[in-house]
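Undergrad: Take a look at the following structure, please.
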Amino acid sequence: MFEAIAFYLFAFLTIAMFYITVTTSQALYALTALAAGMIFISAFFFILGADFLGAVQIVVYSGAVMALYAFGMMFFDTTRELKEKNGNKLLVTGLATVAAVLIVVIFAAPIVGDNITALYPMTEGAGNTQEIGIVLFTKYLVPFELAAVMLLVAMVSGIVLAGKKMDLSLTLMSDAEIRDMKKEKKKKVLS
Amino acid sequence: MEIGLNHYLVLSTILFSIGLVGVMRRKNLLMLFFATEILLNSVNIAFAAISHYYGDLTGQMFAFFVIAIAASEVAVGLGLLVVWHKRHNAIDLDLMSTMKG
Amino acid sequence: MLDNILSILIFFPALAAIFGFAVHKDSMRAYGVSVSFIEFTLALMLWFSFDSNVSGMQFMEQLPLVPAFGINYILGVDGISLFIVILAAFFTMIGIASLSDTKDVKNMIITLLFLQMTMVGVFVALDAIVFYVFWELSLVPMLYLIGAWGGPLRIYASVKFFLYTFTGSLVMLVGMLFMAYFYFQATGVWSFAILDWYRLILPETFQLWLFAAFFFGFAIKVPMFPFHTWLPYAHGQAPTIGSVILAAILLKMGTYAFIRFSLPMFPDAAVFFMFPIAIIAIIMIVYTAMVAYAQEDVKQVVAYSSVSHMGVIILGTFALNVEGITGSIFLMIAHGVVSGALFLLVGVIYDRRHTKMMSEFGGLASVMPRFATIFGIMMMASVGLPLTINFVGEFLSLLGFYQQSHILTLLAGIAIIVGAIYMLAAYKKMFFGEVTNEKNRNLPDVNKRELIALVPLVIITVWLGIYPKPLLGPINNSVESVVQLMHDKAITEEAKARIPNLIEGIEITKTTDTEAQ
Amino acid sequence: MEILLYTALFSPLVGSLFAALFGASPKTLITGIVTSALLGVSLIASTILLVHVITTGQFVQVELMTWMATGDLYIPFGFIVDQISVTMMMVVTLVSTVVHVYAIGYMDHDKGFNRFFSWLSAFVFSMMILVMSDNFAGLFIGWEGVGLCSWGLIGFWYHKESATWAANEAFIMNRIADLGMLIGIFLVYWNTGTLQYHEAFAVMPDLDNATLTWMGIFLFIGAMGKSAQFPLHTWLADAMEGPTPVSALIHAATMVTAGVYLVVRSNELYTLIPNVGLFIASLGAFVAIFAASMALVNRDIKRVIAYSTLSQLGYMFAAAGLGAYWVALFHLMAHAFFKALLFLGGGNVMHAMNSELDPFKMGGLGKTMKGTMILMTLASVALAGIFPLAGFFSKDLILEVAFVDHHFIIYGVLLLTAGLTAFYSFRIIALIFHGEDRHTSLGFHPHEAYKFMLIAMTPLLILAIIAGSFKSTYFEYVTMLLPGTEYHVHSAATYWIMTIGTQLFVILSIAFAYKKYMCKDIKVPDGTSAMENSFKYKLLINQYYIPHFYNEYLVKSYRALSTIFWKQVDQKIIDASVDGIANIFYKTGKNTRTMQSGNLSTMLKWMVAGTVVLLSLAVVFGLAVRHSDEIKTILSGLGV
Amino acid sequence: MLEPVNVSLESLNLMTLAPMLIPIIGALLILVIDIFKSGLDKSLFVMISILFLLIDLGAIVETAGIFTENGTMMGVFDVMLIDGLAILAQLIIVVASLLFIPLALTHKHFHEFAYPEFFALFLFMLGGFQFMVATDNLILIFVGLETASLALYTLIAMHNRDKSFEAAIKYFTMGALSAGFFSFGSMVFYALTGSIEINQIAAVLGANGFADMGFVLVGVVFVLAALGFKLSLVPFHTWAPDVYEGSSASLAGFMSIVPKIAVFIVAMRMFEFLIHSGVVWLEVILYIVVVVTMTMANMWALVQTDVKRMLAYSSITHAGFVMAAILIGTTQSNSALFLYWILFSFINLGAFSMLWISRQKHLPYHQYTDHSFEKFAGMIQTSPVAATIMGVFMLSLAGIPPFALFWGKIYLISSAVTGGYTVLAFIMALNSAVGAYYYLKLVVYMFMKEPVINKDGHVFVANATTPLKTIIGFAAVGTIFAFLAVNPVLEFITALVYKSGY
């Protein structure tokens, strides 16, 4: 019973939050609602016994991602109200509704999942974090390491893209200009 | 009333659809990125739920990696936005259609 | 050397073309003439060492190309292909020799030499894919010839030519792949070798579909009505040499392919489609002849006349008997010579006046008597006068088809009337009457360079018209084997009846002998 | 003998090629002399062959080489000299030698002198092939060859529009007939398996009648074209645009009789199908009177003679159709002589009158051109069939044949025609040579032709006079090959009545002609007289409006149809649909490229939309699978 | 309690990991070098990249050797899966990269090559792709895909001009959406089968006989949408032309080859068992996508005015063409896929390289895009060799024999014929004919028109250096003489594909 109440409550809350996120014209509202929605989602994780995931959700999303977005917002100065031209809302909502209805139609039927044996079953008596640790560092070691590489890539990308070096485009400069620039630099170095 | 897997899946689907709405109607790139986060998060709920009902950890692993991916995407996406904003002082995607046809 | 003469024939011009890039452009014509002369000599050597009494393939060569997929480089000639190869070599030679001063003559000669490679390749390939390779490749130099040296609409014409034929041949390619698949199913081995395919007897429905697929490719190339509309544009815009080669050789690819592929592989389908195709052929003959009559541009007259003659070739091919097929092959050569010559002749006048409109001319017979004479001879050949080369082919084609249908042959025979109408009308407009246009008053007659090209053609036209035997003999032998093969392979009763059994005569005498005993 | 045969055959070719060498150069008399000499050689060779055939009764048959051989088809260049062909050879070589010599004078001032002789000799060569060939294919070679030379010679003065038009008309009309001929040849081949005359005819009696009938009809269609029978006759009159020697040789003596030759040659076939024969005869009779009627009013001497030729060809076909092949051949021969003579005479007149052809503008030429007058008058007498000249024997024979065979309608028609023939022949004689001088006032200063031209004509004159006397000899010898039916009217009385009656009728006609056209008040008609405005006159002078009909309805509609085919069908339908298909792709691309608006939002929408479409398919399919049983029951309930 | 995990090193089969690790190590090395000494010339990094790629190639060949002996290898807790597909795909990836990376040595200076990070990211990207193809675990596929994609977005943006940013952002945003689709699709399969390993999914679905078809189809649709985005199948293709136009020509060429082959492998693993399940609906969905992709992209290519955009659309068509191989799903068709793609990679890289060496920094008057058709007008007169080579590439793309792509085309169409897809075979053939038009358009401009904008030929090779010329020469030779290599390549491919059970 508790589970049901919690489910419906958080379901309502997440839906509401995300609805605000996609509909509001205030970027700040959207960001706040998104953050709230993500925290509510972590509640589901806790309900479902995925404690580690819930923690990660809060840390990574509400912490890291939201902080990044907040920085971005400040940088882009999007606090002012946004005017979005939207030609056909009907199409947008229509498509989404159709998609939702279709999937719900399929999902409304019970999934034939009875005879499924868990490949990595949860062990009684072990905490969720422990279990995840074991699976992550055995079976999912390679994806994990690759995820590390991915984060590195993201980092390098972020640095490169946001870096000062991008302000001057060698692509758009003619070769003569580049030569002059290099000479200038050398002069600076020498002097 | 028992909350079954289907409840979670339906919820996930609804959230996913909300995400789709966001993706389609947002013209501000930053807020568009928010919508993509919604997409990934909605799937995470489903993964966690399936994982729970099957008693299998794989779903949680997937959700974990999805979170990692979402985080990396944010970094790169924001990087791109920064570059664009530096040049054009705007992040409205309607202004971004020099190439077409 | 004779063992690989076919490969040499194919690749010598290509190699020479590549070396040609290094030749200075002032000397290019001489280079081109010598290369094509060597090629022609080689082709003649092929002829002299060809054994006329053998009906099958000779000078076979085989190299694995993609054996995993049954594609092999197989070459060979028989009586059917031999003369077209020689014709190709011959026309390239005289074409280059008679080339008038055009821009980029170097590029043109290189292109022509490449074109020659593809032309020879098509006719000696005995593997469907190799055949297809050359078939398609021939489009490229032709595209360039028309597109770079053509008239004002050249780009439209060349692209149309290319795309149209390309589309058709792709459908044909699918047909080939099907054929190979059926062979694979029957034998468990992939093979694109035509001679292997000959051994395959397909059910009638398969034959019909495959025939249709192949037909589509061939018909556009021929070109058969109603797929012919690329041809007037191509001819109308092409430079003289382009038209000559297009008419003399390239169009023959389609009709040759009918004999090489469609007939022996799908005898029942050939019988099934005989009447529809004959009707198309008749439409081609009469309709395009009438269209030719309405033309104002002399080159278009010759172009449409080509279509009309191709109709006779198709008709002969689908006579499905020795006379008709032999006739159609002979007519291919004949038409090559005659229409090639006519295009050269049109080129002669075009060089002088830079127009091809007949209304601009008139009375040329008194200004350029030699030109008028040669044109007249060629026109009469085109009209199909006996003792010219065309007549032999037309006569045999019609004669052959008469066995299949009397009425249709009668209708097809209208060719000789309508052909005369447009040709004579065109000749009259150009050559007869008073010289009305001052520009024509002082036109020089054909010069030596042009005579080099034209006189041999005149000689061939008359020589082969009087004495076609050197060609008919080998052709006949090979055709007999094709017809016999068709008869043996035919499944349906009708096909058995329509395609004559050549060894039947022997059998009958045998039985009568036994009865007598 | 073979060498003689080849000599007879190839000397004209040699002459032709020799003349052709000088084709483009200015006049060289040598060409005329050499060609004539070579024709003389040919004539001599033919004569020796004739003697040989007459004396021994043997054929000379040779095979030069293979022409076409494929499958079962075997066509050699085979030549035969038998009674029929040697007759023709004699006619051809003789007339052509005369014409050649004559033409040296006639073409004296022509720029295309050399070209003329080349063409003319080429024609003789083709004609020799035609008559000497021993198979249908060879016949066809000659057949087309003479057509070609006829084209070249009619259009000899190619700067004249009318000449070239006539040349093309002749060629094309002949081609129409040639198609029939070709089909006939195919029929022969596929039914008998050979094209050799002897072998083919040997098989024919075994064939069924329908086949033979078709064969006969198609071959005769070929003959109709060459011999200008109705309805393919219009070219012959127009062919008079050519130089007069050409008209004499080709359009009177030789080529036009090729059709008769073909029927005679195929006598074994036509004997088997008398119905076709009757048709041929009827057509011949019709053409005889039809052509004669047109000749009555024509104001062009060459055309009058041409119509007369046509009429005489009708006679020959009437004879041949009735099975009297030797009679046809005999008339052919006789006709060749006097008609060539007539034409050459006409040529003299024309020459004298600077190519003026209207006899009404002449008159009284007999004073200056006595020789010509005599020649032409005698030729006309022969043509009219007055005893004892050639025409009497041959033409009367045809009338007898018709009478004896009880084809009285044909007989009547032919008889009437004989009268008409006499009338129009002497109409022009009277107009040209007699009456008062009308030409001087028009500025003509006629003169007699060269002597040697006249001398050259004398052999023809002699033959036109005496040919009739060979009748019985000829019968003896030619019926070794042809059906030797003798046609004798049963009672001598009837015979005499008939003959004398005919003679009287003819003479009366001549007298009427003289009376009408010798009077002094003949004027150049100017279209005002009552007669000229009468319907009959108009009908005749316009050749029954047949050329008009051909021109207005056939030629013009052919041209219009051609233009429609080109402009409408070829360009607007076929080509446009090809381009249309290509354009569909292009237009679709052009119209749908807007989906690539470059706007990211649109792109995302497309992506979602694509997913949703696929999703709906998936769901529909999924539901269909899930409820397949129910669907099946529903469908079966609906009777699907 | 949890048991301690004992893992022996042999059972990990670390050899399976070697090929992917090598480029990653290389990337790290480049980053490290850059830390110690900045401002080094791009040629150094190019050479380092080439060296590592060669080592990588060696490693792949090594694994190939092991594979031919032992068959499919699983490694590192059965996450890695080295089978024929993986080996072939990696070979294509590495060889194409080897052809691509020297293109950085241009004559002119471009922004991205001034960064050592460019090469590091490039190698990371390769690592990502290699992981993607060498596994059947959806997680690893997803992570690998994202690693590669994120790097690729950056590489595009680093060209540093407005168009490239626009391209990167478009690509990125749509990529994020497709990531959502991919995860949703994976979720559906996970919900159905409790597994995210493709062979497990196949096994479970097979065991219950595809009981819940609708559910499976939903999963298929989402995965198809995600993969279709990467493969640029219509209607998920909209990014492709813009991104190709926005990025440098060399990178565009690279993008048309390498990411797609990686995704093709995933698609093959994902869809092949579904196709073979005998469920018609799956085929129908793929069929529609394939046909629409081939046809529509062709039509759009027809109306392009810029060569690069035209080639972008043509790449879409070719992708649709090759997707047909997956639809057909026989050994022959899968082999055909590889054959086609190998040949295609040569030609397409060659064609894009030709654009690359003619890249101008400042467009002359009357030329509105980098590579408009007018730019190439009359090229045969001003720069005949380059024109001829470009012409060969175009003809080859059009499928004119005997140039390279023809062989792939016939083998692919033949596989359609053999697989019973007659109509598809004809559609493929006719689409080739339509395609010929726009390839021909460039040929027409180059060979048959008079020069309009560029009256001297220098512009066409302005960017060329010896390495670039070498690469183009290599591609040209490969294109022209492909018929000599087709047989061994085909035999090799067929053997590997057959042994992998596809």
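Protein chains in written order, with my numbering: chain A, 19 to 209; chain B, 11 to 111; chain C, 28 to 544; chain D, 19 to 658; chain E, 3 to 504.
We put the CB at the ideal spot given by N, CA and C, even for glycine.
Treat the numbers as computed from the prediction; the structure is a model and nothing was measured.
Assess, as a yes-or-no matter, whether the segment 438-453 of chain C is touched by the segment 305-316 of chain C under the definition of 3 or more beta carbon pairs within less than 8 Å.
TA: yes
Undergrad: Where does the unbroken beta strand (DSSP E) through residue 87 of chain D begin, and where does it stop?
TA: 78-88
Undergrad: Count the other CB atoms within 10 Å of the CB of residue 100 of chain D; is the residue buried (16 or more) or exposed (fewer)?
TA: buried
Undergrad: If I measure Cβ to Cβ from residue 223 of chain E and keep anything under 6 Å in the same chain, skipping five residues before and after, which residues do I get?
TA: none
Undergrad: Count the other C-beta atoms from every protein chain shown that fall within 10 angstroms of the C-beta of residue 70 of chain B, then say buried if there are 16 or more, exposed otherwise.
TA: buried
Undergrad: Kindly confirm or deny that the segment 438-446 of chain D and the segment 521-538 of chain D touch, where touching means at least three C-beta pairs closer than 8 Å.
TA: Verdict: yes, contact present.
Undergrad: I need the DSSP call for residue 29 of chain B, collapsed to helix, strand or coil.
TA: helix
Undergrad: What residues of chain D sit near residue 244 of chain E, judged by a beta carbon separation below 7 Å?
TA: Annotation: Cβ neighbours of residue 244 of chain E in chain D (cutoff 7 Å, chain order): 616.
Undergrad: Considering only C-alpha positions, which residue in the set C:93, C:147, C:462 is nearest to residue 115 of chain C?
TA: C:147
Undergrad: Leaving out five residues on either side along the sequence, give the residues of the same chain with a beta carbon under 7 Å from the beta carbon of residue 111 of chain A.
TA: none
Undergrad: Please report the residue range of the beta strand (DSSP E) in which residue 99 of chain C lies.
TA: 98-104
Undergrad: What residue range is occupied by the uninterrupted beta strand (DSSP E) comprising residue 88 of chain C?
TA: 85-93
Undergrad: What are the boundary residues of the alpha helix (DSSP H) that includes residue 260 of chain C?
TA: 257-264
Undergrad: Measure the beta-carbon distance from residue 160 of chain A to residue 176 of chain E and round it to whole angstroms, keeping in mind my assumption that it falls under 8 Å.
TA: About 27 Å; that fails the 8 Å criterion.
Undergrad: By the DSSP assignment, the beta strand (DSSP E) with residue 113 of chain D in it spans what residues?
TA: Counting along the chain, residue 113 of chain D sits inside no beta strand (DSSP E); it lies in the alpha helix (DSSP H) bounded by residues 101-124.
Undergrad: Going by CA-CA distance only, name the one from C:484, C:343, C:119, C:85 that's closest to residue 103 of chain C.
TA: C:85
Undergrad: Looking only at its chain, what residues have a beta carbon closer than 7 Å to the beta carbon of residue 37 of chain D, apart from the 5 residues adjacent to it on each side?
TA: 49, 53, 132, 135, 136, 139
Undergrad: Could you check the C-alpha separation between residue 294 of chain C and residue 43 of chain C for me, to the nearest Å?
TA: 41 Å
Undergrad: Which chain E residues sit within Cβ distance under 8 Å of residue 183 of chain D?
TA: Within 8 Å Cβ-Cβ: nothing; residue 183 of chain D doesn't reach chain E, min ~43 Å.
Undergrad: So residue 624 of chain D contacts chain E; which residues on that side make the cut at Cβ distance below 7 Å?
TA: 237, 240
Undergrad: Whether or not the segment 235-247 of chain E and the segment 165-173 of chain E are in contact is what I'm after, with contact meaning three or more pairs of Cβ atoms, one per stretch, closer than 8 Å; do they touch?
TA: yes
Undergrad: Can you confirm whether residue 239 of chain D, when its beta carbon is compared against all beta carbons of chain C, has any partner nearer than 7 Å?
TA: No, residue 239 of chain D does not count as interfacial toward chain C.
Undergrad: Below 7 Å on C-beta distance, what does residue 96 of chain C contact in chain E?
TA: 413, 492
Undergrad: In whole angstroms, what is the alpha-carbon distance linking residue 105 of chain B and residue 594 of chain D?
TA: 43 Å
Undergrad: Put residue 95 of chain D into one of helix, strand or coil per three-state DSSP.
TA: strand
Undergrad: Taking CB distances under 7 Å as the criterion, tell me whether residue 56 of chain B reaches chain E.
TA: Yes, residue 56 of chain B lies at the interface with chain E (some Cβ there is under 7 Å from its Cβ).
Undergrad: Between the Cα of residue 21 of chain E and those of E:80, E:41, E:133, E:500, spot the shortest distance and give me the residue it belongs to.
TA: E:133
Undergrad: Consider the Cβ of residue 163 of chain C: report whether some Cβ of chain E lies at a distance smaller than 7 Å.
TA: By this cut-off, residue 163 of chain C is an interface position.
Undergrad: Taking residue 96 of chain B as the reference, which of A:42, A:180, A:78, A:165 has the closest Cα?
TA: A:180
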